[in-house]
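2 protein chains.
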Amino acid sequence: MAKKRASITDLAKQLNISVSTVSRALSGHSAISEATVKRVTALAKEVGYQPNSLASGLRKGRSNMLGVVVPHIDGNFFSQVVKGIEAAASKAGYHVLICQSNEDVAHERENLETLMNAQVEGILVSLSRTTHEFKHFEKVRKRDIPLVFFDRILDGYDVNAVVLDDRAGGYRATKHLLDQGYRRIAHFTGPQYLNIYKLRRQGYEDALREYGLPIEEELIISGSMDMAAGSAGIKQLLALPQPPDAVFSGSDFSAAGALQVLHERGLRVPEDMGLVGFSNELFSRLMVPMLTSIDQHCELMGRSATRLLLQIMQEQSQHAAPQHIVLQPDLFVRASSLRSAANP
Amino acid sequence: MAKKRASITDLAKQLNISVSTVSRALSGHSAISEATVKRVTALAKEVGYQPNSLASGLRKGRSNMLGVVVPHIDGNFFSQVVKGIEAAASKAGYHVLICQSNEDVAHERENLETLMNAQVEGILVSLSRTTHEFKHFEKVRKRDIPLVFFDRILDGYDVNAVVLDDRAGGYRATKHLLDQGYRRIAHFTGPQYLNIYKLRRQGYEDALREYGLPIEEELIISGSMDMAAGSAGIKQLLALPQPPDAVFSGSDFSAAGALQVLHERGLRVPEDMGLVGFSNELFSRLMVPMLTSIDQHCELMGRSATRLLLQIMQEQSQHAAPQHIVLQPDLFVRASSLRSAANP
DNA sequence: GCTTAGCGTGCAAACGTTTGCACCTAGCTA
DNA sequence: TAGCTAGGTGCAAACGTTTGCACGCTAAGC
């Protein structure tokens, strides 16, 4: 396939010196005379020498590679996290090997095998939606390969992780609506075994309690968090004898679905119905009215997770107590929830 | 770092056979007695043996890795393409090493070095916006590392590439507007040294010509193709003595920017102004009205590019005539351009 | 009974690096 | 002058595989 590339041995032959000298000259490590270093680097540049990282990795027992397992790489959230991971990793001289689990725990297991096989030095994981147990990660642990989770984690396992404070996100979104004068606030939530949805809901309930408001089950709609679920959810809410005056949706997509129905029925946002989403998707700025939403700092999460992983790798401290990094979400207030501005 | 993992040599010692026998037993290659194969695989499973792909890669002169250079991994288009690439590559037993050029040609050059250094067997590239010359790719070529470009390519270089028929996309978008009865159609375009924008514009002009309509420079707005550019563009158009009755935007983002201004001014879409975007971004379905747009089959592009690359690698035919694969875009007709449905 | 074939296995080299150790040559001290 | 230090270099082993070749053994053909 690829043409035979110049190796360190070739350089050595051409210069009539030994491979070890060449190696040391190039890595600048040992005491090699300046003259030799110059000769070597000059020739290296001339023939376009490039070190074979496979060989070096084999010898040094390192691969300079990190593995990443995500449910999928498309979509706003994960693609931005991966961007952050790649940026932080390449800054530290690491390559990134990316695998998709496609939300399937069996794939996830294979991905881990694949990555260990490729000799990655550390692994970053966001769990698939179908992962309920931890068994396949034990193998990684047994090999002492540092492991850091991000965003989606399993309850009850003490692991290194970088997560968003979803409870705070839910709380702030709901509190903002309350501050705007909304008093009957509904909530769209997702599967409760996922930490993210459970916590967002907790935040919602905490805020209501703080305002002395009751938590009404009929106002909490559980669904798949996509657009269709939002449309269906808002219809259900509007059919209530006492419909809500605002919705905090655990996802921007559901919020968008709800907005479409509201438009169809001639209801005004934010006057008749306040609306807050979650994730600060790109399109939240494109909706009419623009959607208030919670930003998750996706890229920062990727960078933080990578830095944590690199730190663990360096300290060889993976047996120390696992670290939890909790990022604080930001509320981006836009027109969809600004009743006070709409009716000053 | 990671605990010393069982190697083929360990297996050999435990079974009192030679490493070569173990190797062959595991790869099932040569004629090894069934009994031995069973013994070996059994022990391998027991100790959780995992082949060291670095060593194997070094010996075989293969790495089982493909390199990808993209301007960035976030955003709808590239994240989907990368999804397709990863899927196709992993199906063929390859890992994917991803680099971001951040739209910077210097980074792009470094990325290529990095990938060659990592011994990738082939490289997929979508050019950065600041890449005007081809010099840094010559080095890759000299090493006989198969190279496939996708989406963004440079004019005048004969290379393997998978691209979208952007001209057809522009043509179909414009023709659709014409069919809907719009007659004074404006166009948002981007930097003309990028094939994609140039071709979309060509398609636009071709359609107008076909309908015997003049191409008016004042209706063609060149910009950075983001939301702000769209807002600015539509304002400029509305200020004309004879404003257009429709806009074909080379990007959904600019279309969204334009839509916001139209809303503000109380102009109705599609009645007063038809609107068609390009890229079929996620949010095009979330806008009000939903935006007609051109779909680029991003994931298919990733898969096609990867398959082409793998084929070239297999055939060792990189010296054969470069192949061009042209994907046909699809028009997704939605409310923003349906004048006939709005006024039946 | 001797050759031949073929099956199963082992030896050893190779892939391109890195690195502990030993060696050599100067220049210095005692 | 012998002994020592230190700077510069080379030797060779090692990382974990793969693979061409050769070896030994058994069974079949003459």
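Protein chains in written order, with numbering that gives the first Met the number 0: chain R, 0 to 343; chain L, 0 to 343.
Where a beta carbon is used, it is the ideal one built from N, C-alpha and C, also for glycine.
Give me, in chain order, the residues of the same chain whose beta-carbon lies closer than 6 Å to that of residue i; leave out the 5 immediate sequence neighbours on both sides.
i: VAL46 (chain R); result: ALA5
i: CYS297 (chain L); result: PHE76, GLN79 and VAL80
i: ILE228 (chain L); result: Looking at the sequence shown, residue 228 (chain L) is not Ile but Ala. Excluding positions up to five away in sequence, the list reads GLY222 and SER253.
i: ASP9 (chain L); result: none
i: THR305 (chain R); result: ILE84, ALA87 and ALA88
i: ASP205 (chain R); result: TYR170
i: SER125 (chain L); result: VAL69, PHE149, ASP150 and ARG151
i: LEU212 (chain R); result: none
i: ASP157 (chain R); result: PRO321
Output yes or no for whether 8 Å exceeds the beta carbon distance between residue i and residue j.
i: GLY66 (chain L); j: MET312 (chain L); result: no
i: GLU109 (chain R); j: SER127 (chain R); result: no
i: LEU146 (chain R); j: PHE133 (chain R); result: no
i: ILE31 (chain L); j: ALA24 (chain L); result: yes
i: MET286 (chain R); j: LEU258 (chain R); result: yes
i: HIS186 (chain R); j: PHE247 (chain R); result: yes
i: ALA86 (chain R); j: ARG302 (chain R); result: yes
i: GLY83 (chain R); j: ARG338 (chain R); result: no
i: CYS98 (chain R); j: LEU123 (chain R); result: no
i: ALA172 (chain R); j: LEU330 (chain R); result: yes
i: LEU111 (chain R); j: VAL139 (chain R); result: yes
i: LEU53 (chain R); j: GLY56 (chain L); result: yes
Compute the beta-carbon to beta-carbon distance between residue i and residue j, rounded to the nearest angstrom, for a pair I have assumed lies under 8 Å.
i: ASP244 (chain L); j: ARG182 (chain L); result: 7 Å
i: SER283 (chain L); j: GLN295 (chain L); result: Not really, about 12 Å apart at Cβ, beyond 8 Å.
i: GLY249 (chain L); j: GLY189 (chain L); result: 6 Å
i: ASP164 (chain L); j: PRO328 (chain L); result: 6 Å
i: ASN51 (chain R); j: GLN13 (chain L); result: Wrong, their Cβ atoms sit about 31 Å apart, outside the cutoff.
i: ASP150 (chain R); j: MET300 (chain R); result: 7 Å
i: TYR192 (chain R); j: GLY169 (chain R); result: Not confirmed; about 17 Å, so no contact.
i: LEU307 (chain R); j: VAL162 (chain R); result: Contact flag wrong, Cβ pair sits at about 11 Å.
I need the straight-line Cα distance from residue i to residue j, nearest angstrom please.
i: LEU153 (chain R); j: MET289 (chain L); result: 38 Å
i: ILE293 (chain L); j: TYR210 (chain L); result: 21 Å
i: ALA341 (chain R); j: PRO269 (chain R); result: The predicted position of ALA341 (chain R) is uncertain, since its pLDDT is 46 and thus under 50; a value taken from the coordinates is nonetheless stated next. If you take the alpha carbons of ALA341 (chain R) and PRO269 (chain R), they lie about 7 Å apart.
i: SER89 (chain R); j: LEU237 (chain R); result: 50 Å
i: VAL325 (chain R); j: ASN194 (chain L); result: 44 Å
i: ASP251 (chain R); j: ALA231 (chain R); result: 15 Å
i: LEU177 (chain L); j: GLU280 (chain R); result: 33 Å
i: GLU263 (chain L); j: SER335 (chain L); result: 16 Å
i: LEU198 (chain L); j: PRO321 (chain L); result: 21 Å
i: PRO242 (chain R); j: TYR93 (chain R); result: 54 Å
i: ILE7 (chain L); j: SER19 (chain L); result: 9 Å
i: MET0 (chain R); j: ARG58 (chain R); result: Low per-residue confidence applies at MET0 (chain R): pLDDT is 42, beneath 50, and the placement is therefore not dependable enough to give any value.
i: GLY309 (chain R); j: TYR196 (chain R); result: What sits at residue 309 (chain R) in the sequence shown is Leu, not Gly. If you take the alpha carbons of LEU309 (chain R) and TYR196 (chain R), they lie about 29 Å apart.
i: GLN49 (chain L); j: ALA43 (chain L); result: 8 Å
i: ALA167 (chain L); j: GLY155 (chain L); result: 20 Å
i: ARG91 (chain R); j: ASN63 (chain R); result: Checking the sequence, you will find Ala at residue 91 (chain R) rather than Arg. Those two C-alpha atoms are separated by around 9 Å.
i: HIS131 (chain R); j: ASN159 (chain R); result: 17 Å
i: GLU215 (chain L); j: THR129 (chain L); result: 29 Å
i: GLY74 (chain L); j: GLY74 (chain R); result: 8 Å
i: GLU107 (chain R); j: LEU207 (chain L); result: 51 Å
i: GLY276 (chain L); j: GLY276 (chain R); result: 25 Å
i: GLU314 (chain R); j: GLU33 (chain R); result: 34 Å
i: ILE184 (chain R); j: ALA319 (chain R); result: 44 Å
Kindly list the residues whose CB is nearer than 8 Å to the CB of residue i, restricted to its own chain and excluding five residues on each side of it in sequence; keep chain order.
i: ILE144 (chain L); result: MET115, VAL119, GLU120, GLY121 and ILE122
i: PRO343 (chain L); result: Only weak support exists for where PRO343 (chain L) lies, its pLDDT of 38 falling under 50; the value from the coordinates is given anyway. The answer is none, since no qualifying residue turns up.
i: GLU217 (chain L); result: LEU239
i: VAL36 (chain R); result: ALA24 and GLY27
i: VAL332 (chain R); result: HIS175 and THR291
i: ALA11 (chain L); result: SER17, VAL18, THR20 and VAL21
Give every residue of the same chain whose Cβ lies closer than 7 Å to the Cβ of residue i, excluding the five residues on either side of it in the sequence, and list them in chain order.
i: VAL260 (chain L); result: SER230, ILE233 and LYS234
i: ARG142 (chain L); result: MET115
i: ARG61 (chain L); result: GLU120
i: ARG38 (chain L); result: LEU14
i: ILE72 (chain R); result: SER78, VAL81, ILE97 and GLN99
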